[in-house]
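Asks:
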Amino acid sequence: MSRSLEKGIVDLALTYDVGLPASISREVLVEYQPHAVMAADHPLARQPEVSLAELAQHPFILVDLPLSREFLMVPFWQQGLSPNVILRTASVEMVHSMAANGLGVSMLFSRSRNDMSRDGKPVACLPIRDAPPGQRLVAAYASGTSLTAAAKAALSIIRSHFPEADTG
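Residue numbers (the UniProt record's numbering): 1 to 168.
Structure representation (C-alpha coordinates):
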(Lines of atoms letter the chains of each structure in order from A; the text may use other names.)
(Lines give C-alpha, C1' and ligand atoms only; values in the text may rest on other atoms or scores of the structure.)
Protein backbone atom coordinates (compact mmCIF):
# COMPACT_ATOMS: atom_id res chain seq x y z
CA MET A 1 0.00 0.00 0.00
CA SER A 2 2.82 2.41 0.84
CA ARG A 3 4.32 1.93 -2.62
CA SER A 4 0.94 2.54 -4.25
CA LEU A 5 0.61 5.81 -2.31
CA GLU A 6 4.17 6.86 -3.17
CA LYS A 7 3.69 6.09 -6.87
CA GLY A 8 0.37 7.93 -7.05
CA ILE A 9 -1.61 4.80 -7.85
CA VAL A 10 -3.63 5.35 -4.68
CA ASP A 11 -4.38 8.90 -3.47
CA LEU A 12 -5.60 8.17 0.03
CA ALA A 13 -5.71 5.16 2.35
CA LEU A 14 -7.33 4.40 5.68
CA THR A 15 -4.98 2.23 7.67
CA TYR A 16 -3.50 1.62 11.07
CA ASP A 17 -0.31 3.55 11.75
CA VAL A 18 1.86 0.44 11.72
CA GLY A 19 4.86 0.05 9.45
CA LEU A 20 4.28 3.18 7.37
CA PRO A 21 7.50 4.75 6.04
CA ALA A 22 8.43 8.40 6.61
CA SER A 23 7.47 9.15 3.00
CA ILE A 24 3.81 8.75 3.95
CA SER A 25 1.94 11.59 5.65
CA ARG A 26 -0.61 10.66 8.27
CA GLU A 27 -3.65 12.34 9.71
CA VAL A 28 -4.75 10.67 12.94
CA LEU A 29 -8.48 9.98 12.89
CA VAL A 30 -8.86 8.06 16.15
CA GLU A 31 -6.76 6.05 18.58
CA TYR A 32 -8.26 2.72 19.57
CA GLN A 33 -7.42 1.33 22.98
CA PRO A 34 -6.90 -2.42 23.32
CA HIS A 35 -9.55 -4.47 25.06
CA ALA A 36 -10.13 -8.09 25.93
CA VAL A 37 -12.92 -9.97 24.17
CA MET A 38 -14.66 -13.05 25.56
CA ALA A 39 -18.05 -14.68 26.00
CA ALA A 40 -20.34 -12.71 28.30
CA ASP A 41 -20.50 -15.72 30.65
CA HIS A 42 -16.72 -16.29 30.71
CA PRO A 43 -15.28 -16.27 34.28
CA LEU A 44 -13.08 -13.24 33.46
CA ALA A 45 -16.13 -11.28 32.27
CA ARG A 46 -17.21 -10.77 35.90
CA GLN A 47 -14.16 -8.55 36.52
CA PRO A 48 -14.06 -4.81 35.75
CA GLU A 49 -10.74 -5.27 33.90
CA VAL A 50 -8.24 -8.02 33.09
CA SER A 51 -4.47 -8.35 32.76
CA LEU A 52 -2.44 -9.80 29.92
CA ALA A 53 -1.36 -12.61 32.28
CA GLU A 54 -5.01 -13.51 32.90
CA LEU A 55 -5.73 -13.56 29.17
CA ALA A 56 -2.68 -15.75 28.54
CA GLN A 57 -4.11 -18.42 30.86
CA HIS A 58 -7.07 -19.07 28.55
CA PRO A 59 -7.34 -20.42 24.99
CA PHE A 60 -6.51 -17.47 22.73
CA ILE A 61 -8.02 -16.44 19.40
CA LEU A 62 -5.54 -14.52 17.26
CA VAL A 63 -6.24 -12.03 14.49
CA ASP A 64 -3.83 -13.51 11.98
CA LEU A 65 -3.00 -10.75 9.52
CA PRO A 66 0.42 -9.40 8.51
CA LEU A 67 1.65 -6.91 11.14
CA SER A 68 -1.45 -7.51 13.32
CA ARG A 69 -0.35 -10.88 14.67
CA GLU A 70 2.99 -9.52 15.90
CA PHE A 71 1.42 -6.28 17.11
CA LEU A 72 -1.02 -8.29 19.24
CA MET A 73 1.51 -10.81 20.55
CA VAL A 74 4.46 -8.54 21.41
CA PRO A 75 2.88 -7.15 24.63
CA PHE A 76 2.50 -10.73 25.91
CA TRP A 77 6.03 -11.68 24.89
CA GLN A 78 7.44 -8.57 26.59
CA GLN A 79 6.02 -9.90 29.85
CA GLY A 80 7.37 -13.39 29.23
CA LEU A 81 3.87 -14.68 28.43
CA SER A 82 2.95 -17.10 25.66
CA PRO A 83 -0.79 -17.27 25.06
CA ASN A 84 -2.06 -20.65 23.90
CA VAL A 85 -3.23 -19.65 20.42
CA ILE A 86 -5.85 -22.24 19.50
CA LEU A 87 -7.61 -20.41 16.68
CA ARG A 88 -6.46 -17.96 14.03
CA THR A 89 -8.60 -15.85 11.73
CA ALA A 90 -8.20 -12.85 9.47
CA SER A 91 -11.62 -11.52 10.50
CA VAL A 92 -12.32 -9.40 13.58
CA GLU A 93 -16.00 -10.36 13.25
CA MET A 94 -14.99 -14.02 13.38
CA VAL A 95 -13.01 -13.33 16.57
CA HIS A 96 -16.18 -11.84 18.10
CA SER A 97 -18.25 -14.85 17.06
CA MET A 98 -15.73 -17.41 18.28
CA ALA A 99 -15.30 -15.58 21.59
CA ALA A 100 -19.07 -15.16 22.05
CA ASN A 101 -19.48 -18.90 21.55
CA GLY A 102 -16.96 -19.66 24.30
CA LEU A 103 -14.10 -20.87 22.11
CA GLY A 104 -11.51 -18.57 23.67
CA VAL A 105 -10.50 -15.03 24.54
CA SER A 106 -8.76 -12.39 22.46
CA MET A 107 -7.35 -8.89 22.43
CA LEU A 108 -8.57 -6.40 19.85
CA PHE A 109 -8.10 -2.72 19.16
CA SER A 110 -11.21 -2.03 17.12
CA ARG A 111 -14.56 -2.39 18.82
CA SER A 112 -17.95 -3.18 17.35
CA ARG A 113 -20.78 -0.70 17.75
CA ASN A 114 -22.50 -3.16 20.07
CA ASP A 115 -21.25 -6.02 22.14
CA MET A 116 -23.02 -8.75 20.17
CA SER A 117 -21.61 -11.27 17.74
CA ARG A 118 -23.14 -11.67 14.29
CA ASP A 119 -25.07 -14.71 15.54
CA GLY A 120 -26.66 -12.61 18.31
CA LYS A 121 -24.62 -13.81 21.28
CA PRO A 122 -23.28 -11.27 23.78
CA VAL A 123 -19.57 -10.49 23.90
CA ALA A 124 -17.82 -9.04 26.94
CA CYS A 125 -15.27 -6.32 26.11
CA LEU A 126 -13.07 -5.41 29.06
CA PRO A 127 -10.25 -2.92 29.55
CA ILE A 128 -6.79 -4.42 29.96
CA ARG A 129 -5.03 -2.96 32.99
CA ASP A 130 -1.51 -3.46 31.63
CA ALA A 131 -2.49 -2.76 28.05
CA PRO A 132 -0.08 -1.84 25.31
CA PRO A 133 -0.37 1.62 23.76
CA GLY A 134 -3.38 2.31 21.58
CA GLN A 135 -3.45 1.83 17.85
CA ARG A 136 -3.99 4.87 15.63
CA LEU A 137 -6.27 4.79 12.61
CA VAL A 138 -4.93 7.28 10.08
CA ALA A 139 -5.68 8.76 6.71
CA ALA A 140 -2.44 8.23 4.80
CA TYR A 141 -1.17 9.87 1.64
CA ALA A 142 2.17 10.52 -0.06
CA SER A 143 4.18 13.32 1.57
CA GLY A 144 4.87 16.37 -0.55
CA THR A 145 1.97 15.83 -2.94
CA SER A 146 -1.34 17.61 -3.21
CA LEU A 147 -4.44 15.53 -2.74
CA THR A 148 -6.76 15.30 -5.73
CA ALA A 149 -10.19 16.91 -5.49
CA ALA A 150 -11.74 13.46 -5.07
CA ALA A 151 -9.29 12.56 -2.29
CA LYS A 152 -9.96 15.88 -0.53
CA ALA A 153 -13.72 15.25 -0.72
CA ALA A 154 -13.29 11.71 0.58
CA LEU A 155 -11.07 12.93 3.43
CA SER A 156 -13.66 15.54 4.38
CA ILE A 157 -16.36 12.87 4.61
CA ILE A 158 -14.04 10.57 6.56
CA ARG A 159 -13.19 13.36 9.03
CA SER A 160 -16.90 13.93 9.67
CA HIS A 161 -17.10 10.40 11.08
CA PHE A 162 -14.21 11.10 13.47
CA PRO A 163 -14.96 14.46 15.13
CA GLU A 164 -11.90 14.12 17.38
CA ALA A 165 -9.60 13.79 14.34
CA ASP A 166 -6.33 15.71 14.35
CA THR A 167 -6.75 17.80 11.21
CA GLY A 168 -3.34 19.37 11.66
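A virtual CB, placed ideally from N, CA and C, is assigned to each residue, including glycine.
A quick note: this is a predicted structure, and the numbers were derived from the prediction, not measured.
Would R69 and V138 be called neighbours here (beta carbons separated by less than 7 Å)?
Replies: no
Asks: Look at the alpha carbon of A154 and the alpha carbon of L5, and state the distance between them as a whole number of angstroms.
Replies: Across the structure, A154 and L5 are spaced so that their CA atoms are roughly 15 Å apart.
Asks: So, helix, strand or coil for P83, using DSSP?
Replies: P83 falls in the coil class under three-state DSSP.
Asks: Can you give the Cα-Cα distance for P133 and A149, rounded to whole angstroms?
Replies: 34 Å
Asks: Would you kindly report the start and end of the unbroken beta strand (DSSP E) that includes F60?
Replies: F60 to V63
Asks: Are the region 31 to 38 and the region 107 to 118 touching by the rule of at least three beta carbon pairs closer than 8 Å?
Replies: yes
Asks: Please confirm if the region 86 to 104 is in contact with the region 116 to 124, defined as three or more CB-CB distances below 8 Å between the two stretches.
Replies: yes
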